[in-house]
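Residue numbers (the numbering used here): 4 to 618.
Just so you know, even glycine gets a beta-carbon here, dropped at the ideal spot from N, CA and C.
In this text, all values refer to a predicted model and were calculated from it rather than measured experimentally.
Structure, rendered in structure tokens:
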């Protein structure tokens, strides 16, 4: 095993890597010799001669040498495992079996066997038992529980799985850990009475209160792997009723690149309660599609744009260009990517998509291969009052980028679920951009497509951040309607979908993620209010102009088809000639402008007469 693996399973300062290696070699050689001598001794009915002993011992040493060579070769090719671990046991058994088989086959051609033919098989089995037992005793020795830190809280671990096993081991063997496990909880009937690191399963969720009192635990840590939000909420409720604190361990996939540590235990987040973290794991992303390519992200300083840049940077593009009109947002983005923000790198592009000439110059000079268009205005109520701004940014700004990308191979336009059966200025403007993207896909022959999102949890200006701000300010949480529902996504899901679109999307279509069941906004408000450290009132204000009671993922004429991925739907989008939307005057009467935008969202829409006062 390697130096880090040995260090991970031995008490600090007790034994060196070289001493451990020599000890194992000595032990294994002795096990082979003892096994072969014992096999020969029993075969000769306890009347083993000196000559027979010498032959058996020579055979044992030869097998021990072969075993050592194979072990070193396997270690170099496949890496090493901690002593006494499951991987170590599997490698040990495989190598011993192979060596015993070689020894047995080597004896067969002899007319007169130097040792009984059964000796390699029986001796190898005995050697395996001796080596495995020694390793098990060693592991038990180093796994002895060190004294817990004085400040460590007694805790119960809910869930018996790979994640909780790693957590228990980390907590027990970290003297600086803030938690000391004193018992386990699990609802599975097969788990009752099981022990993990000498900790016993004390019951399921119904026994949380009894277990907390019996063990004097002050915290219950929930292992989240493969759990549903309803179970999470139930366990949390019972824990709080028992007077204990509730913590969670993130899914194993979030800590795969390092060992589980006590610092991974964290407070519950709203995304955990909504269960949105699960769907990300079901999305496989082909990052190789961006490797070595020149990528441009517009709106790079926004919630989606900045996460896009972070994910794309890991795909090893030839160049990542981040465009935004907000210099402060670019500063924060560069800081999050590189840990510094000198604003002097060519990767930052300060430009406004409303500036057609400026965007055309940027695209011509930088020549991206792939463009992710995330720049947009997104606040529904503001755009409802100022539809001209939606036209200037969302529609004409997108058109500026599309026309500048004539030589770009791939273009991904970020849309919204409000573009399905649109009823607001935001929905109208985004539906129009979907149709404009489809038009350019047809005319330019590139892979130009749109991606349709739901509400992004914790993004700037989202309902979640608004509720949290109201709680901090000590004012009531305002909800439009008791029955209003919305689809929610985490920002990680949204970015996964965008990256998938660059790989599996086809020109002229919109991709829609399966966002699960819609969430009642009032329920989100109640959960946040319950988490607050002071009483919080919830006030219903009524739906605002342009708002729907329930959002839709698909328009009335769209069909949910998933030809390439079980979680991603592909819907065709009708084209819209850019000359039609160029007639929109952002400064025209707002009501007439909204009606005109709505007309363009009809696939059968035709050129409309100019508005009064239109230039």
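Residue i and residue j closer than 9 Å at C-beta
i, j, result
"residue 337", "residue 351", "yes"
"residue 181", "residue 144", "no"
"residue 441", "residue 558", "no"
"residue 73", "residue 98", "yes"
"residue 456", "residue 385", "no"
"residue 518", "residue 358", "no"
"residue 498", "residue 449", "no"
"residue 509", "residue 443", "no"
"residue 474", "residue 435", "no"
"residue 199", "residue 217", "no"
"residue 439", "residue 587", "no"
"residue 121", "residue 42", "yes"
"residue 549", "residue 417", "no"
"residue 3", "residue 235", "Residue 3 cannot be examined here, being either before or after the span of the chain that is shown, 4 to 618."
"residue 126", "residue 100", "no"
"residue 506", "residue 304", "no"
"residue 38", "residue 102", "no"
"residue 446", "residue 373", "no"
"residue 137", "residue 25", "no"
"residue 306", "residue 465", "yes"
"residue 67", "residue 44", "no"
"residue 202", "residue 178", "no"
"residue 28", "residue 92", "no"
"residue 437", "residue 576", "yes"
Supposed contact pair residue j and residue i - C-beta distance, whole angstroms, cut 8 Å
i, j, result
"residue 452", "residue 511", "7 Å"
"residue 488", "residue 543", "Going by Cβ atoms, the distance from residue 488 to residue 543 rounds to 14 Å, so no, they are not a contact pair."
"residue 371", "residue 299", "4 Å"
"residue 650", "residue 349", "This structure cannot speak to residue 650, because the chain is shown only from 4 to 618."
"residue 226", "residue 162", "3 Å"
"residue 316", "residue 346", "The Cβ separation is near 17 Å, so there is no contact."
"residue 394", "residue 589", "5 Å"
"residue 76", "residue 135", "The pair is not a contact, with the Cβ atoms about 21 Å apart (cut-off 8 Å)."
"residue 502", "residue 314", "6 Å"
"residue 458", "residue 491", "5 Å"
"residue 188", "residue 170", "Not confirmed; about 13 Å, so no contact."
"residue 521", "residue 554", "7 Å"
"residue 119", "residue 46", "4 Å"
Residue from the options with nearest C-alpha to residue i
i, options, result
"residue 551", "479, 248, 524, 449", "524"
"residue 310", "100, 494, 131, 78", "494"
"residue 54", "121, 117, 366, 344", "117"
"residue 388", "585, 134, 594", "594"
"residue 355", "315, 342, 404", "404"
"residue 433", "66, 454, 124, 539", "454"
"residue 308", "293, 294, 332, 295", "332"
"residue 104", "123, 251, 188, 89", "123"
"residue 396", "159, 142, 585", "585"
"residue 207", "192, 577, 478", "192"
"residue 220", "157, 179, 176, 71", "157"
"residue 477", "507, 540, 46", "540"
"residue 406", "394, 367, 92, 45", "367"
"residue 515", "567, 169, 165", "567"
"residue 40", "26, 25, 130", "130"
"residue 141", "375, 88, 95, 178", "88"
"residue 592", "562, 390, 470, 401", "390"
"residue 401", "376, 249, 25", "376"
"residue 468", "520, 556, 528", "528"
"residue 330", "353, 312, 343, 344", "353"
"residue 546", "560, 486, 538, 601", "486"
Near the ligand GTP: residue i beta-carbon under 8 Å from a heavy atom
i, result
"residue 586", "For the structure depicted, the ligand GTP is absent and the ligand set is empty, with no information on it obtainable."
Starting from the N-terminal side, write out each stretch of the alpha helix (DSSP H) that is 4 residues or longer and does not extend beyond the region 468 to 528. 494 to 507
The region 372 to 383 touching the region 426 to 437, judged by at least three CB pairs closer than 8 Å: yes
Counting beta carbon pairs with one atom in the region 523 to 541 and one in the region 307 to 324, are three or more of them shorter than 8 Å? no
Tell me the start and end of each unbroken beta strand (DSSP E) in the region 135 to 187 that is at least 3 residues and wholly inside, in chain order. 156 to 161
Cβ contact check for the region 207 to 227 and the region 238 to 251: 3 or more pairs under 8 Å: yes
Length-filtered (4 minimum) alpha helix (DSSP H) runs lying within the region 400 to 458: 428 to 447
Check whether the region 57 to 69 touches the region 103 to 110, taking contact to mean three or more Cβ pairs, one atom from each stretch, closer than 8 Å. yes
Quick one: complete alpha helix (DSSP H) runs, 4+ long, within the region 301 to 389? 306 to 316, 330 to 341, 359 to 369, 383 to 388
Unbroken beta strand (DSSP E) runs of length 3 or more, entirely within the region 571 to 607: which are they? 571 to 575
Within the region 197 to 242, note down every full alpha helix (DSSP H) run reaching 4 residues or more, in order along the chain. 211 to 218
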